[in-house]
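Numbering (the working numbering), first residue to last: 1227 to 1418.
Think of the CB as a built atom: it goes at the ideal place given N, C-alpha and C, for glycine as much as any other residue.
As the structure is a computational prediction, the values presented were derived from the model and not from experiment.
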Amino acid sequence: MVYPVRSNRFAHEGEPPMALIILEQPDQTVYGVRVVGPYERSIMQGFIQLTRWRKARNLSGGNILTLYWDNPLTVANESLRADVVFTLEEDAEPLALQKLNRGNVQVKEQVIPGGIYAMWRTRVFKTDFVKAWREFYERHLEESEYRPCVGACYARYLNEGTEADYFDIEIHQSVCLRASLASGAVQPFVSA
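Below you can see the structure in the form of C-alpha cells.
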C-alpha cells in the first residue's frame, strides 16, 4: 500500500520532481557483513568483502542494501555500525550459511522488519552521500507528516556506482505519523 505525501522538491536541478513516498513493506530476509568505522570508508570495504564472497559462491541477483545502525551526528565516526547486505531473487532457496561461510568473511542472515517506510530516490555523485541523507531527513521527511520511528534505516543501490561515477539509490526509513509520536502511541527512532 502506498500513502500520499505532499512534496514538490527536485532530486536534482533540471530533473522532474522526486516525491517522498510512504509505503508499507513486508519483512525482508537479507545476508551480509557488519562494518564499523566512518561510513565513507567502512561501507566500501563491506561492499568489497561481500562482492568477493558472492562471486566466489556464484551468487548473483537480488538487491544490494546498506543498513545504518547509528546516526553520525550523535555517534563517534570510529563507532558507526552498518551492515552491507543483499537479498535473494524471489524464487531462490534460503542460503545454508554454515556451508557457505568459509574463510575470513562471515556472512550473517537477518530480517529487516516490515512496516511503514518513507522512501526517496536520488542520484549521488562521487561520494556525496551526506548531501542526499540530509536532503532526505531535513527537507523531505521534515516537510511531511511522518517522522522516523523504531524500525530500520537503509539504502538500496539501483546501479553499480563505482562503474558509473554516480549511485542511484533509494533511502528507506521506518516512519510513523507525527501525531502518533506526539501522543506517545509509538516510539521515536533513537540510534544506539
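In this structure, does DSSP put residue i in helix, strand or coil?
i              : result
threonine 1277 : helix
leucine 1403   : strand
glycine 1377   : strand
alanine 1302   : coil
glutamine 1271 : helix
histidine 1238 : With a pLDDT of only 45 at histidine 1238, under 50, the local geometry of the prediction cannot be trusted, and no value is derived from it.
glutamate 1371 : coil
glutamate 1335 : strand
glutamate 1386 : coil
arginine 1365  : helix
glutamate 1322 : One detail in the question is off: residue 1322 reads as alanine in this sequence, not glutamate. Alanine 1322: coil per DSSP, three-state reduction.
Just the Cα atoms here: how many angstroms apart are residue i and residue j?
i                  : j                  : result
alanine 1378       : valine 1337        : 10 angstroms
tryptophan 1279    : glutamate 1315     : 17 angstroms
phenylalanine 1393 : valine 1261        : 20 angstroms
valine 1401        : glutamate 1389     : 33 angstroms
lysine 1334        : tyrosine 1257      : 5 angstroms
lysine 1281        : valine 1301        : 33 angstroms
glycine 1272       : phenylalanine 1351 : 20 angstroms
glutamate 1361     : glutamate 1369     : 11 angstroms
methionine 1345    : histidine 1366     : 10 angstroms
proline 1264       : threonine 1292     : 14 angstroms
tyrosine 1363      : alanine 1245       : 13 angstroms
isoleucine 1342    : asparagine 1330    : 36 angstroms
isoleucine 1248    : tyrosine 1380      : 15 angstroms
proline 1339       : tyrosine 1372      : 18 angstroms
Using the beta-carbon count (16 or more within 10 Å), is residue i buried or exposed?
i              : result
leucine 1299   : exposed
glycine 1287   : exposed
aspartate 1309 : buried
histidine 1398 : buried
arginine 1328  : exposed
serine 1268    : buried
valine 1259    : buried
valine 1376    : exposed
arginine 1404  : exposed
valine 1356    : exposed
proline 1374   : buried
threonine 1348 : buried
alanine 1358   : buried
Between which two residues does the alpha helix (DSSP H) holding residue i run?
i               : result
tryptophan 1359 : 1355-1360
Determine the extent of the beta strand (DSSP E) in which residue i is found, giving its start and end residues.
i               : result
methionine 1345 : 1341-1351
arginine 1328   : Premise fails: arginine 1328 is in no beta strand (DSSP E) and is neither H nor E.
leucine 1314    : It is not in any beta strand (DSSP E) - leucine 1314 carries neither H nor E in the DSSP assignment.
leucine 1293    : 1290-1294
leucine 1249    : 1247-1251
arginine 1260   : 1254-1262
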